[in-house]
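Some notes on the structure that comes next.
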Ligand SMILES: Nc1nc2c(ncn2[C@@H]2O[C@H](COP(=O)(O)OP(=O)(O)OP(=O)(O)O)[C@@H](O)[C@H]2O)c(=O)[nH]1
Ligand SMILES: [Mg+2]
């Protein structure tokens, strides 16, 4: 199913979406100064952040002037392009990981409960479908339940899970799993880690250690993946900043997008931190992970179908 259709379907449950309030701003009559401040306010309230919201409104004003746009409905496509172009300008945006120079190593990180294990399971399934051989590493050794959870995903997907007993060194599990990946000539190793508060120094150091072990072995084949709960809002930016200081982040997976009324946090993460959002989580099921599409995201944000509009434009010619 296309990202947009799936997005719409999965978002049905969320009432009073932020995007609804945004889209309703863009109807009909000519716009005035009050329109711009209202737009800026709504962007800020949707977790876009103050600076970036100002910048977006400033650019839209200039664009509207340049093109002689006078109605709010015409501004809609200016808005959608502004958002989509900003996102698309970030290298890797929306691009799923490729395992064409195996083995690809994905290190899943994020705060407690953000969706790391679930996303690891979903990714494993997608790689399997591409005919890739996958190994999962249970490097969340804090809780026995964490390993069990990953093993359930492994069984469901038909993937080998490398684990040790609870309390073992997560870096040692990662190393074991790397060796298993090599020995079995697998294409992808996905390392699940324990959730950690980005403010907890010792836990972040532990993560650095796991990364070092993997980087030593896998070199440039390692990708660091921050799983961010879309519901977290602006705090997601702070999380991304801190994890990005431990090691450069290769990607964000925005999980639980089906649970949030907002989602504007992707903009500061992309535009200010230059971290590509590669996937978006739209539910708890194995199928509910889609590559992030900036154009469809921007359109859905406005509840505005750019393709449909383009067709209409074409019809009227
Ligand atoms: N609705 C929805 N729920 C999700 C999504 N991704 C994960 N979840 C749910 O969020 C909860 C936490 O997910 P986990 O994958 O266990 O999160 P985690 O980051 O591994 O958690 P810890 O290991 O405890 O830090 C589970 O109930 C998942 O089913 C999503 O995209 N949408
Ligand atoms: Mg987990």
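Residue numbers (my numbering): 338 to 654. Glycine included, each C-beta is placed from N, C-alpha and C at the ideal position.
Inter-residue spacing [alpha-carbon to alpha-carbon] between residue i and residue j
{"i": "residue 473", "j": "residue 504", "result": "18 Å"}
{"i": "residue 634", "j": "residue 421", "result": "8 Å"}
{"i": "residue 561", "j": "residue 586", "result": "5 Å"}
{"i": "residue 369", "j": "residue 379", "result": "16 Å"}
{"i": "residue 580", "j": "residue 374", "result": "33 Å"}
{"i": "residue 599", "j": "residue 490", "result": "29 Å"}
{"i": "residue 522", "j": "residue 440", "result": "8 Å"}
{"i": "residue 465", "j": "residue 361", "result": "42 Å"}
{"i": "residue 517", "j": "residue 614", "result": "29 Å"}
{"i": "residue 476", "j": "residue 628", "result": "25 Å"}
{"i": "residue 444", "j": "residue 402", "result": "46 Å"}
{"i": "residue 485", "j": "residue 555", "result": "26 Å"}
{"i": "residue 672", "j": "residue 354", "result": "Residue 672 falls outside the range modelled here, since the chain spans only 338 to 654, and no answer is possible."}
{"i": "residue 552", "j": "residue 508", "result": "11 Å"}
{"i": "residue 632", "j": "residue 449", "result": "30 Å"}
{"i": "residue 366", "j": "residue 593", "result": "36 Å"}
{"i": "residue 534", "j": "residue 447", "result": "8 Å"}
{"i": "residue 529", "j": "residue 411", "result": "46 Å"}
{"i": "residue 609", "j": "residue 470", "result": "35 Å"}
{"i": "residue 591", "j": "residue 502", "result": "30 Å"}
{"i": "residue 493", "j": "residue 514", "result": "19 Å"}
{"i": "residue 479", "j": "residue 405", "result": "60 Å"}
{"i": "residue 442", "j": "residue 482", "result": "23 Å"}
{"i": "residue 575", "j": "residue 428", "result": "21 Å"}
{"i": "residue 496", "j": "residue 636", "result": "36 Å"}
{"i": "residue 601", "j": "residue 377", "result": "12 Å"}
Whole-angstrom C-beta distance between residue j and residue i, which should lie under 8 Å
{"i": "residue 456", "j": "residue 573", "result": "Incorrect: roughly 15 Å between the Cβ atoms, too far for contact."}
{"i": "residue 588", "j": "residue 606", "result": "Their Cβ separation, rounded to whole angstroms, is 11 Å, which puts residue 588 and residue 606 out of contact at 8 Å."}
{"i": "residue 459", "j": "residue 623", "result": "6 Å"}
Under the three-state DSSP convention, the category residue i falls into
{"i": "residue 630", "result": "coil"}
{"i": "residue 638", "result": "helix"}
{"i": "residue 595", "result": "helix"}
{"i": "residue 430", "result": "coil"}
{"i": "residue 540", "result": "helix"}
{"i": "residue 476", "result": "strand"}
{"i": "residue 354", "result": "coil"}
{"i": "residue 458", "result": "helix"}
{"i": "residue 610", "result": "coil"}
{"i": "residue 420", "result": "helix"}
{"i": "residue 617", "result": "strand"}
{"i": "residue 443", "result": "strand"}
{"i": "residue 436", "result": "coil"}
Exposure label - residue i; buried when at least 16 CB within 10 Å
{"i": "residue 387", "result": "exposed"}
{"i": "residue 409", "result": "buried"}
{"i": "residue 395", "result": "exposed"}
{"i": "residue 654", "result": "Model confidence at residue 654 stands at a pLDDT of 35, short of 50, so the residue's coordinates are unreliable; what they give is reported in the following sentence. Exposed, by the Cβ-count rule."}
{"i": "residue 423", "result": "buried"}
{"i": "residue 511", "result": "buried"}
{"i": "residue 463", "result": "buried"}
{"i": "residue 438", "result": "exposed"}
{"i": "residue 597", "result": "buried"}
{"i": "residue 364", "result": "exposed"}
{"i": "residue 407", "result": "exposed"}
{"i": "residue 468", "result": "exposed"}
CB contact below 8 Å: residue i versus chain D
{"i": "residue 553", "result": "No chain D is part of this structure, which consists of one protein chain only."}
**Report entry** Uninterrupted alpha helix (DSSP H) stretches inside the segment 356 to 412 (no shorter than 4 residues)
**Finding:** Segments of the alpha helix (DSSP H) lying fully in the segment 356 to 412: 370 to 382, 387 to 404.
Query raised in the report: Enumerated in chain order, which unbroken segments of the alpha helix (DSSP H) with a length of 4 residues or greater are wholly contained in the segment 487 to 574?
Result: Entirely contained in the segment 487 to 574, the alpha helix (DSSP H) runs reaching 4 residues are, in chain order, 507 to 520, 538 to 555.
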